[in-house]
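Okay, so here's the structure we're looking at.
Number of protein chains: 4
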Amino acid sequence: MNSFGDTFVFTSFGESHSAAVGGVLDGVPAGIRINLDLIRANLDRRAGRNQTANSKQQTSAMGVSPRALRENDEVEWLSGLLDGVTLGTPIAFLIRNRNARPEDYEAFRHSFRHAHADSTYEAKYGIRDWRGGGRASARETAARVVAGSVAQQLLANKGITIKAELIQVGDETRPEYFNELINSYRAEGDSIGGIIRCEVNGLPSGLGEPIFDKLQAHLAYAILSINACKGFDYGSGFEGVCQPGSIANQHSGGILGGITDGTTLSFRCVFKPTPSTPKAFAQMRNDITANGKIVNGKIANRSDACVAVRAVPVVEAMTALVLANFSDIRLRP
Amino acid sequence: MNSFGDTFVFTSFGESHSAAVGGVLDGVPAGIRINLDLIRANLDRRAGRNQTANSKQQTSAMGVSPRALRENDEVEWLSGLLDGVTLGTPIAFLIRNRNARPEDYEAFRHSFRHAHADSTYEAKYGIRDWRGGGRASARETAARVVAGSVAQQLLANKGITIKAELIQVGDETRPEYFNELINSYRAEGDSIGGIIRCEVNGLPSGLGEPIFDKLQAHLAYAILSINACKGFDYGSGFEGVCQPGSIANQHSGGILGGITDGTTLSFRCVFKPTPSTPKAFAQMRNDITANGKIVNGKIANRSDACVAVRAVPVVEAMTALVLANFSDIRLRP
Amino acid sequence: MNSFGDTFVFTSFGESHSAAVGGVLDGVPAGIRINLDLIRANLDRRAGRNQTANSKQQTSAMGVSPRALRENDEVEWLSGLLDGVTLGTPIAFLIRNRNARPEDYEAFRHSFRHAHADSTYEAKYGIRDWRGGGRASARETAARVVAGSVAQQLLANKGITIKAELIQVGDETRPEYFNELINSYRAEGDSIGGIIRCEVNGLPSGLGEPIFDKLQAHLAYAILSINACKGFDYGSGFEGVCQPGSIANQHSGGILGGITDGTTLSFRCVFKPTPSTPKAFAQMRNDITANGKIVNGKIANRSDACVAVRAVPVVEAMTALVLANFSDIRLRP
Amino acid sequence: MNSFGDTFVFTSFGESHSAAVGGVLDGVPAGIRINLDLIRANLDRRAGRNQTANSKQQTSAMGVSPRALRENDEVEWLSGLLDGVTLGTPIAFLIRNRNARPEDYEAFRHSFRHAHADSTYEAKYGIRDWRGGGRASARETAARVVAGSVAQQLLANKGITIKAELIQVGDETRPEYFNELINSYRAEGDSIGGIIRCEVNGLPSGLGEPIFDKLQAHLAYAILSINACKGFDYGSGFEGVCQPGSIANQHSGGILGGITDGTTLSFRCVFKPTPSTPKAFAQMRNDITANGKIVNGKIANRSDACVAVRAVPVVEAMTALVLANFSDIRLRP
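So the protein sequences, as listed, match chains A, B, C and D. Heads up, the first sequence is in the numbering used here, so the first residue is 170 and it goes up one at a time. Heads up, the second sequence is in the numbering used here, so the first residue is 170 and it goes up one at a time. Heads up, the third sequence is in the numbering used here, so the first residue is 170 and it goes up one at a time. Heads up, the fourth sequence is in the numbering used here, so the first residue is 170 and it goes up one at a time.
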């Protein structure tokens, strides 16, 4: 449900407007010094904050919403560390939700936002936190980034590095044009999707399990659990469908039979454009309420024009959580 | 490792040339009459057998190898059933491996087949069953089909139906041309990839978990665990990257925020062409041995020209196992 | 590791002298109003606080140490509740460790307390929080009581009640003499063990799993996980060894073949006396240090004279967590 | 449900009168040569067979029923082994139920045996295999012994030995008198309970988890899952309740704070007398039927007079499964 992994376990909690989001990380080996700066840097990337430039400039640069930039991400550490070194006990942390403005969402108390999880949550639970998406909000990914950053440090100590990057926005694959394209969608009150590629270097061969717990299966599970992600492929992937066997087999993506082969691990994932855009609402004019009535819908331009931009460190975090879950990695000298 | 699910659990066992493949299915509700004909029919689809036509015709029809058609798939039921009705106790079954011809694989005792899992298994275990891929063989999917067929019956009793079909072979998307295309690759000693679409109807809304256990995450995990599968997407998927938010949000794929929305569930998956083709071997001429030496490689035309053809019932089986794992479904009247 | 349950999951965190102890409770059904007073009352029982009498009097009454009475137990709720009602999302909470006085434990920074977990923690982790037992401290049970109290409310809504009581102290089985006996041990700087009986009423028949997950197996697992617990039995238990089959079978303890039979569930558990008493230290005079050297040991009379007294609400809490983990109970109307 | 362990997983299947009982053992490291003779010897102990004496003599010697001695225990290995060496893949095995005589149980098709699991199974599943206890039969423990014997070999390779023995029958603690006492109960058509002590030598210190997964908690869970077991204690156990802290702390039982301390691990468990004795039936005269009617009950003297005798190798098997589940043990050189 809200836990990920079985030997290196991250349990996540928090709604977008509860007191805090946070998590508990269990199974972290004892004696590791945690670099808090690295965690902060990843949280900044997730928030769309550029540490060297001023934030206003950056907002327009990558279509990140002003709301995201204002997010508070200060991590409070509750347990599991003594003088900055892991004790082997659960590491609990929280990030306060200081920027709570439930009045912005008052209109949704009794209505569902189109193409959002509002209606499915109501179907499942019969109750929901209508303030900003509640548990379904992407705010929850901040906790993933904290946990994943701890995992990344553990992996780095074993020589394993993870690097994700945005490789496509709409049908554009040249990164130098991404900024302009995203801004043009934002200017129109619209949004656009993106594709991220993630590569992992330094993995030993022999990692993964042959049948159900193939490495690619765990990666797909982890990546598809990220909000707005609609697909995952690795190696030759979907594009490999057109290549005959004599060619396609050259691109393993780093995995054969579910187990690493010692080459670079490489996978892609696609993020849909956010559906909560002014343009989308203008087209629909109204929203379907919980009790079947129609109400007028209106939405401020609060969302990112391309959510894939800020998903990059989340993809890295989830990849790190998958890999740190292998005791083969955690326990090797 | 070799178990799938946590409340409706399928444990799989068997190498391609051990005494048997089979499994144990735990968590099946008591009192369900099992239709053995349906299971046999799905096993026939997986083996490429056509129940109405003669087998030779069919072989050429869909590029299925003669070896596959000869596979024995008779299921022996060991426990969990009394007079054909489930007892609520574990259902164990096995399928004997009668067609074992290890001498066909003698050449691979000390060498690794290129782009197969031979080398990664050796890296992981330091030992492997070299006879026909051992545990990594697609023979293992027969057990998945048996277990999945039981799950499908459970779901059918709740009004939920699963239907997968091949929608693309190479760059061809017109089914009436698939046969010819596959045969042309087979004739050249080559192979080609394919894309399968799977749809599920009758699902209640409210199914799935919001954070890590989103329904799409579990489906991706299940599907990517199938041999030769290289990717998964749902709803607008990878192709949706080019559509702006105001359009793309129309295609949920049946899931919002990880939870079913009551519409048809729809996902795709891609299967790579098998790398063990005569043409591939002719190009490479040789194979890398376990101890670094080079040996001449040779392979009979024993593999399917398009493994996606026979993966269709396996995709249905894994989908059924994912859905039957939801106690919301199993327990509802 | 630090999580309990699989569908109603309690994840615990915190050292005795970290910033906080606390937990995350996952799988709580949505729409349940939580009674915070009940939780507070259980925390008071665990701390040895008597809500009607003044605390000083009570300390001597049941041999609870003054340190325990001073413990802060104010619960801060972080997520999962909206206006006091559960959302179906994880309920995270913490209790600050305000009473931290690491200087009291300075002597143990480089030495191990006899018959405590200090040495085994060091063996396992190579590092430990030497301040007051760290993770091994009974302080951790405060979080169990909070989580268990939520579970108890859920169960109470289904008509299931849990009641534990101290039935033996030393060889004394008459409750009216417990107080005096415990005080006599405390006066001598010594401690004594106790036996708790726990009964559950209102359980439906048919609860439990037949083989490994027998109800008694889960209860034993839960109860033996409590600090200082050395044994568990149910029904006729250890004492039944002397009764022939024609008599003993009358005492099922509420479970047959691992499954509830609809009668009162009844089990016992035994708690050893705390080993950290002034008398024990006086006898030993010294303690073995981490590096093999001998140091003089000295200890204030900070521990309870009979830890079983305060274990009573912890036994109830763990029993509630076991039972709430059954979806049969959680989901029934 | 029917699986035990999470990294070294034993999945059990089979009813007493289905085609077979058996199991799948997952997580066994590759490259271990399995000694089948050791497994056979443990199955003989479980069946009450004495390998050196003739079986008739032995029956009267320890009160084992003639039915038990006739049990077939030939193990058929299905997968996971190549030339007697583990492959790292699941080891599946079965034992055929050749001695099936359902007519012996015909009387119980529509009635429940008193103090047996018949009624609770019916309450849980609404259906049951009435032939000899079905899944609840102690026949299932044969599969546990096979799996546990594999685990024992794995442990023996690491220098860890497990030894259980019967230390009490009724109130008799002198082994030389056990035989006579059990026979006297058998002669009267009655039965008696017993206590088993199990000791483990060679365990490294630092094994176990501090909070919920304390080693004693896992052992209690495993042992209480054995049919007819009513209690578990370790170290000073229930008897320690009368010893003051200054004495009792000398008896750790090999575990401190849930983690091994490097000394001998020692625990006890108690087994109730079987309730299905001629004397018990004579006293009751009748049994309560499924639909509330009363029928005359009659039972042949088919049960053991002291089930604890044959539980000894089962206690060893479950202990081995608990310990082999620790990756610290499995993976160390």
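Just so it is clear, CB atoms sit at the ideal spot from N, CA and C, and this is done for glycine as well.
For the stretch 480-499 of chain B, the residues whose beta carbon sits under 9 Å from a beta carbon of chain C are, in order, S496 and D497.
In terms of beta-carbon proximity, T289(D) stays away from the interface with chain B, with every pair separated by 7 Å or more. Non-local C-beta neighbours of V314(C) in its own chain, meaning closer than 7 Å and more than five positions away in sequence, comprise N211, L212, R215, P482, V483 and A486, ordered along the chain. In this structure, the beta-carbon distance from G302(C) to S185(C) falls below 7 Å. For I296(A), the C-beta contacts it makes with chain C under 9 Å involve A199, G200, L251, V254, T255, L256 and G257, in order along the chain. Residue contact check for F179(C) against chain A: no CB pair falls below 7 Å. Contact between V410(D) and Q385(C) is absent: CB atoms are separated by about 21 Å, not below the 8 Å threshold.
Take N326(B), set aside five residues on each side of it, and the residues of its chain with a beta-carbon closer than 8 Å to its own are I201, in chain order. As computed with DSSP, C367(A) is found in a beta bridge with A333(A) and F436(A). Under the three-state reduction of DSSP, R202(B) is assigned to strand. Setting aside the 5 residues that flank it on each side, V244(B) is surrounded in the same chain by I208, F262, I264 and V315, each with a C-beta closer than 7 Å to its C-beta; the list follows chain order. Cβ contact annotation for S394(C) (same chain, cutoff 8 Å, sequence separation greater than five): F173 and M487, in chain order. If you look at K399(A), you'll find it in the beta strand (DSSP E) that goes C398 to Y403. Judged by pairs of C-beta atoms under 8 Å, the stretch 362-380 of chain D does not touch the stretch 486-500 of chain B, as fewer than three such pairs exist. In chain B, no part has a C-beta under 7 Å from the C-beta of D242(C); the shortest such distance is about 29 Å. Taking C-beta atoms as the reference points, I392(D) and P442(D) fail to come closer than 7 Å.
In the DSSP assignment, G317(A) falls outside any beta strand (DSSP E) and within the unbroken alpha helix (DSSP H) covering T310 to A325. The C-beta of G414(B) comes no closer than 7 Å to any C-beta of chain D. Against H387(A), the close residues of chain B are Y390, in the order they occur along the chain (beta-carbon pairs closer than 8 Å). The alpha-carbon separation between S248(A) and A320(B) amounts to approximately 43 Å.
In the structure shown, I416(D) adopts helical secondary structure according to DSSP, grouped into three states. Your pair F381(B) and A389(A) does not check out as a contact, with CB atoms roughly 13 Å apart and the cut at 8 Å. With respect to G191(D), V178(D) sits apart: the two C-beta atoms are not nearer than 7 Å. In this structure, F440(D) and C398(D) form a Cβ contact; the two beta carbons are roughly 6 Å apart against a cut-off of 8 Å.
In terms of beta-carbon proximity, M170(D) lines the interface with chain C, with at least one pair separated by less than 7 Å. Residue environment for D206(A): exposed (fewer than 16 other C-beta atoms within 10 angstroms of its C-beta).
With its beta carbon at least 7 Å from every one in chain B, F347(A) lies outside the interface.
Per DSSP, A391(A) is one residue of the alpha helix (DSSP H) stretching across L384 to L393. Annotation: Cβ neighbours of D430(A) in chain B (cutoff 7 Å, chain order): S288 and T289.
What F401(A) touches in chain B, judged by beta-carbon distance under 8 Å, is A389, L393, G400, F401 and D402, going in chain order. With a 10 Å radius around the Cβ and a threshold of 16 neighbouring Cβ atoms, A292(D) comes out buried. Considering only R501(C), D473(C) and N204(C), the residue with the shortest C-alpha distance to G358(C) is D473(C).
Shown here, V193(C) sits in a strand according to DSSP, grouped into three states. With respect to the 7 Å criterion, P379(A) and R304(B) are classified as neighbours on the basis of their beta carbons.
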